[in-house]
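There are 2 protein chains.
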Amino acid sequence: MSDNVYIAVHGGAGFHERKYEKEIKHALQRACNVALSNLGSKHSSALTMVEDAISSLEDDEHLNAGYGSNLTLDGTVECDAAIMSGKSGCFGSVGAVAGVKNPIRLARAVLDHSSIPSPIGRIPPLTLVSEGARQFALSQPSSAHLVSRESLVSPQAEERWRVWKCRFASSDPSSLSGNLNDIQDTVGAVAWHESDGMAAGVSSGGLLLKYPGRIGEAAVFGAGCWAQEASDVEQGMEMACSISGTGEYIIRAMLARRLGEAFEKGAGNSDGDDPHEVLHGVLNDQFWNMRRGRGEPDPSVGVLLLTRENDGRARLWCAFTTPTMAIAYVSSKNPKAKAIILRRPQNITLGDDKPCIYITGISL
Amino acid sequence: MSDNVYIAVHGGAGFHERKYEKEIKHALQRACNVALSNLGSKHSSALTMVEDAISSLEDDEHLNAGYGSNLTLDGTVECDAAIMSGKSGCFGSVGAVAGVKNPIRLARAVLDHSSIPSPIGRIPPLTLVSEGARQFALSQPSSAHLVSRESLVSPQAEERWRVWKCRFASSDPSSLSGNLNDIQDTVGAVAWHESDGMAAGVSSGGLLLKYPGRIGEAAVFGAGCWAQEASDVEQGMEMACSISGTGEYIIRAMLARRLGEAFEKGAGNSDGDDPHEVLHGVLNDQFWNMRRGRGEPDPSVGVLLLTRENDGRARLWCAFTTPTMAIAYVSSKNPKAKAIILRRPQNITLGDDKPCIYITGISL
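Chains as they are written, first to last, in the working numbering: chain A, 1 to 364; chain B, 1001 to 1364.
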């Protein structure tokens, strides 16, 4: 491996049970290792690292993406995924797609397709959904692997669906413990590669008991992932982010793109140089206060953010409002993947009007 | 009719052939009249006026929405539609939906559903697509009328598809005159009603020869329509907008929401009080320059904007980069619907780096 690279992945913001902690950490480390293992070829890039890492996470039954995804109200798996290149600004996503083993590879095929000029001036799509997305996979050489719909349903997801479907049918909130919205665990990755700079991606099975055809943040441009080059070489910072949480709220906040904008606007002023301040400002103003203002008490979100300053120093940031967020990271300088389940300190007491946003920074 | 209301509709920004001018004007006037005809009941509202007006436009074969939509690459009709209330901030949309007579009514059903609390904390969807959206229609009392897929294909749309499909297969740009992207004609409406303030909606058959499953701006939150109350009663302006043009570019610019933000930010400063300046600023900075910067020479867009100042004065604005944009408007004060095909003056000469944005304002 000769490339100079950084990659980090997440297994979502939510509530990670201690009994699966080991499996989740392994899944995240494995994803980092898969992303590193394909380096060295002339085609290696941040985009491909993100695609490979997320594919690996999608294949793991403990995470809510690809195999093992949350089931829809009628018991099927429907996935959303998106990928973006900071260098080209290209984006591709798929939504509510069934029977595709790795939705992120299909999102990548949509992105790659957008760089092929059409002789008759056809505008390439940003987002393809449902059966149309699956048909597109068949028409592309770099297509995602098609599988039967049933093969993506894990026994664990099916059991969880059975329990909550029953609760939904009785509409009785007291019949079971736990919270429906804890089970989100969207996965994602952010990477930097010397060849193509920043890239970001996200993939999700969506909310448990969602309506079939529901599109979440992982399918929507500017919502679930964002990557950009520095707007100003002297002052700016490259960035890539991947977001997990309650999709509808994240779409309304256009959260990924807002983060990108905050880094652009901040370039050159004192706050803009501090990703901690930028994260706190955007999550507080654009997400927490806006949701609270609409009477929604617990907006849930987790952000994995990679920044790289002009001097080449890369840092990883993780900000979340949920009890836990699971991440892993690795670089060409430190090629042993490190996985952590971040837990928000329990003993913090805040006023009712203060958001419980926990932010941590890691030097890479 | 006792309500105090304003409503305006558009038949899209594009190139409206003179031979269909009469039919298009009639379709737009009819939509205004339909919206007015249902007033007076206790349920009348801006949202319902927008829904009724767009439904009427969808039923007209001369416009690219509902019956008569552009056909996909494989010859089917797949529609996007969205609707938003400025008062509640509620939004509903559908994407790539086939076999639904009025996609805007289905988007309205998604919006209405979002105000029903779930006992188990299920988050209501913002967007439903494809077959899932059609299934949702069946489950809702206020569902859209389901029809056969074939019944939405007009002879004219089929003929246009045949011609362009042939051109696409031969990949020969010289084999026919005309431009594939002229045929857009997304429809939309903006309204104000004393009961619920501003509302906006948009509905589209999308790009001719689009991939099945492609999602355009009319399905995406913040892209194709936006409505909001004044952020500051003293200084601000209520607004609603509906947007037509090249969907992927409009999504990338998140254009409808950007316009809303510009009115919020502008409230109180001199530029923010002038919708002409706001429109020009947003279209120039957020749309034209950004697309040009990516080497795309002719970004196409049309905006219909309704503003209402604190003194109750309502104004209609129309801004577009295409040769024509078709609009109509009516109010309780002036209940005779007026339709216009706006044509950009041909004799304007601008530098290559200047956008050809034509903006006009109409006092209502």
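Using N, Cα and C, we set each Cβ at its ideal position, and we do this for glycine too. Note that the structure is predicted; figures quoted are calculated from it, not measured.
Check	Outcome
For B:G1213 versus A:S130, is the C-beta spacing smaller than 9 Å?	yes
Listed from N- to C-terminal order along the chain, which residues in the region 243-262 of chain A have their beta-carbon within a distance smaller than 9 Å of any beta-carbon of chain B?	T246, G247, E248, Y249, I251, R252, M254 and R257
Give the C-beta separation of A:G197 and A:G66 to the nearest angstrom, bearing in mind that I take them to be a contact with Cβ-Cβ under 8 Å.	So it is not a contact: roughly 27 Å between Cβ atoms.
Going by DSSP, what residue range makes up the alpha helix (DSSP H) through B:L1057?	A1046 to E1058
Could you tell me whether any Cβ in chain A is nearer than 9 Å to the Cβ of B:G1302?	no
Any beta carbon of chain A sitting closer than 9 Å to that of B:W1164?	yes
For B:G1312, count neighbouring C-beta atoms within 10 Å of its own C-beta (all shown protein chains included) and say buried if the count is 16 or more, exposed if not.	exposed
Can you tell me whether B:S1056 is buried or exposed? The criterion is at least 16 other CB atoms within 10 Å of its CB, across all chains shown.	buried
If I follow the unbroken alpha helix (DSSP H) through A:Q286, where does it start and stop?	Here A:Q286 belongs to no alpha helix (DSSP H), and DSSP marks it neither H nor E.
Provide the residue span of the beta strand (DSSP E) that contains A:Y6, from first to last.	V5 to G14
Could one say the Cβ of A:G95 lies closer than 9 Å to chain D's Cβ atoms, at least one of them?	Absent here is chain D; the protein component of the structure consists of chains A and B.
When DSSP labels each residue in this structure, what does A:I116 get in the three-state scheme?	coil
Looking at the structure shown, is A:Y211 part of a helix, part of a strand, or coil, going by DSSP?	coil
What is the rounded straight-line gap between the Cα of A:L306 and the Cα of A:S242?	9 Å
So what does DSSP say about B:V1303, is it helix, strand or coil?	strand
Give the DSSP bridge partners of A:F91, in chain order.	A:M84
For B:C1225, does the three-state DSSP call read helix, strand or coil?	strand
Can the beta-carbon of B:I1340 be found less than 9 Å from the beta-carbon of B:A1189?	no
Hey, could you find the ends of the beta strand (DSSP E) B:G1132 is sitting in?	Counting along the chain, B:G1132 falls outside any beta strand (DSSP E), though it belongs to the alpha helix (DSSP H) covering S1130 to S1139.
Measuring CB to CB, does B:S1069 end up less than 9 Å from B:L1152?	yes
Excluding the 5 residues preceding and the 5 following B:G1099 in the sequence, name in chain order all residues of the same chain whose CB lies nearer than 7 Å to its CB.	R1134, L1146, V1147, S1148 and R1149
Report the residues of the region 1123-1142 of chain B with a CB closer than 9 Å to any CB of chain A, ordered along the chain.	I1123, P1124, P1125, L1126, T1127, L1128, V1129, S1130, E1131, G1132, A1133, R1134, Q1135, F1136 and S1139
Assign A:L138 to one of two classes, buried (16 or more other C-beta atoms within 10 Å of its C-beta) or exposed (fewer than that).	exposed
Counting pairs of Cβ atoms below 8 Å between the region 217-228 of chain A and the region 246-261 of chain A, do you hit three or more?	yes
Do A:L209 and A:L63 have their beta-carbon atoms positioned less than 9 Å apart in this structure?	no
Using a Cβ-Cβ distance cut-off of 9 Å, determine whether B:I1359 contacts chain A.	no
For a contact meaning CB atoms closer than 7 Å, what does A:L207 contact in chain B?	I1123
First and last residue of the beta strand (DSSP E) that includes A:A98?	It is not in any beta strand (DSSP E) - A:A98 carries neither H nor E in the DSSP assignment.
Among A:Q228, A:G245 and A:N289, which one has its Cα closest to the Cα of A:A262?	A:Q228
So, using beta-carbon positions, are A:G95 and A:A157 closer together than 9 Å?	no
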